[in-house]
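At the far end of the sequence shown sits residue 305, using numbering that gives the first Met the number 0, and the numbering has no gaps.
The beta-carbon is built from N, C-alpha and C at its ideal position, and this holds for glycine as well.
These figures come from a predicted structure and were not determined experimentally.
Worksheet for the structure shown next.
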Amino acid sequence: MQAKSPTMHVPAPTSPPAPAPIQHYENFPVASWLCPAPLRAPIAAIYHFARTADDLADEGDASAEQRLQDLWDYRQALNAATQAAHAQPTGESMGALPATRWAAVFGPLQHTLRTHGLPVQALHDLLDAFVQDTEKTRDQAGYADEAELLDYCRRSANPVGRLLLHLYGVHAPQALRESDDICTALQLINFWQDLSVDIPRGRYYLTRQDCVQFGVDPQDILARRQTTFATKLIAACAYAARARMLKGAPLVHRIPGRAGWELRLVVQGGLRILDRIEALQFATLTQRPTLRWWDAPLMLWRALWM
């Protein structure tokens with residue numbers, strides 16, 4: 000793909016640009032009032048970076064090649080923001096940010112890169128995952144086995160948790176492992192929640208090895224036929240995601256203050272979706288469970304007793 004070199008520059012921001020409001024449906028709170036006030040803008044900046052990249056890879060009717068070009072351009076904008084954020088010694092104004100159609104994303108992100116020293120590789124890992132998703136969809140290719148699927152989660156989900164731990168000043172190896180478990184669990188839960196919408200889009204996360212193990216005909220998955228074998232497979236996937244989430248849950252006690260309480264709600268949001276999946280008798284090839292406002296009291300109660 001050809002590089003697109005921006006020729007215009009906008010002035011470097013003198014104060015933190017405000018991130019856009021969070022409007023997408025999520026299973027868990029993002030930069031809510033429970034989050035420490037000084038970290039709400041940085042967390043929102045990371046969220047909008049990831050959400051916008053996800054939309055480039057997933058939303059609308061663009062061709063796969065156009066999506067890949069957009070993601071390539073988006074990566075160049077990240078490189079430019081990173082370079083601008085570190086253009087001057089600490090205490091001086093940031094370098095100019097190249098003009099981009101994603102200025103609302105990279106203005107706040109540049110400031111966060113500057114003030115919090117985010118590990119940039121984690122942001123690139125996220126982009127690698129979105130590129131992989133686009134290529135898999137283009138090629139109508141699924142995942143061979145659990146190892147390949149978990150490797151995708153390592154780049155699509157785990158970097159978010161590690162970025163947040165960086166903001167919280169938590170770097171202990173055990174905390175990083177627990178964060179990875181929570182983030183991978185959230186990603187897997189989202190897969191099993193969204194089967195009915197992902198499969199028509201050409202996204203296949205039930206692995207070929209698991210289909211063979213449970214006697215599931217791949218054509219039944221493509222046709223979204225909720226056979227007994229498919230139901231047993233989805234149930235096994237949901238149980239495994241729950242076990243992984245519970246394995247990572249002790250992290251809530253390692254995160255200080257209100258941030259730890261917000262993480263409790265993140266964990267409970269994922270577990271509550273699993274409750275919803277089970278209540279549907281794991282029939283998510285034909286139905287998509289979501290959280291409602293009346294789930295909040297139960298999630299809060301469970302969060303108190305973690």
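Output needed for residue i: all residues of its chain with C-beta closer than 7 Å, excluding positions within five of it in sequence on either side, in chain order.
i: residue 25; result: In this prediction, residue 25 scores a pLDDT of 48, lower than 50, which makes its location untrustworthy; no coordinate-derived value is stated.
i: residue 108; result: 44, 48 and 80
i: residue 193; result: 287
i: residue 223; result: 195, 198, 284 and 285
i: residue 104; result: 47, 48 and 51
i: residue 273; result: 188, 237, 240 and 241
i: residue 56; result: 66, 70, 129, 132 and 133
i: residue 277; result: 237
i: residue 191; result: 233, 236, 237, 240, 276 and 283
Put residue i into one of helix, strand or coil per three-state DSSP.
i: residue 204; result: coil
i: residue 213; result: coil
i: residue 301; result: helix
i: residue 278; result: helix
i: residue 254; result: coil
i: residue 86; result: coil
i: residue 296; result: helix
i: residue 115; result: helix
i: residue 141; result: coil
i: residue 149; result: helix
i: residue 127; result: helix
i: residue 309; result: Outside the modelled stretch of the chain, which goes from 0 to 305, sits residue 309, for which no answer is possible.
i: residue 230; result: helix
i: residue 99; result: coil
i: residue 289; result: coil
i: residue 239; result: helix
i: residue 284; result: coil
i: residue 61; result: coil
Got a sec? Which residues, its chain only, sit under 6 Å from residue i by beta carbon, not counting five neighbours each side?
i: residue 218; result: none
i: residue 230; result: 281
i: residue 124; result: 154 and 158
i: residue 294; result: 271
i: residue 259; result: 251
i: residue 142; result: 148 and 206
i: residue 179; result: 157
Against chain B, does residue i count as a neighbour if the rule is that its beta carbon must be under 9 Å from one of theirs?
i: residue 280; result: Among the chains of the structure shown, chain B does not appear; only one protein chain is present.
For the alpha helix (DSSP H) containing residue i, list its first residue and its last residue.
i: residue 42; result: 36-57
i: residue 167; result: 157-167
i: residue 181; result: 172-192
i: residue 226; result: Unbroken run through residue 226: none, as it is neither H nor E.
Cutting at 8 Å between CB atoms, please list the residues of its own chain near residue i, excluding the five before and the five after it.
i: residue 226; result: 215, 216 and 219
i: residue 235; result: 209 and 213
i: residue 249; result: 177
i: residue 147; result: 206
i: residue 162; result: 45, 117, 118, 121 and 122
i: residue 228; result: 213, 214, 215, 216 and 219
Is there contact here, the stretch 126-143 with the stretch 200-214, by at least three beta-carbon pairs under 8 Å?
-> yes
So does the stretch 179-197 actually touch the stretch 65-80, counting three or more Cβ pairs closer than 8 Å?
-> no
Should the stretch 119-130 be regarded as contacting the stretch 147-154, the criterion being three or more beta carbon pairs within less than 8 Å?
-> A contact exists between the stretch 119-130 and the stretch 147-154.
The stretch 296-303 / the stretch 256-268 touching (three or more Cβ pairs under 8 Å) | yes
Do the stretch 253-263 and the stretch 164-171 touch if we need at least three Cβ pairs shorter than 8 Å?
-> yes
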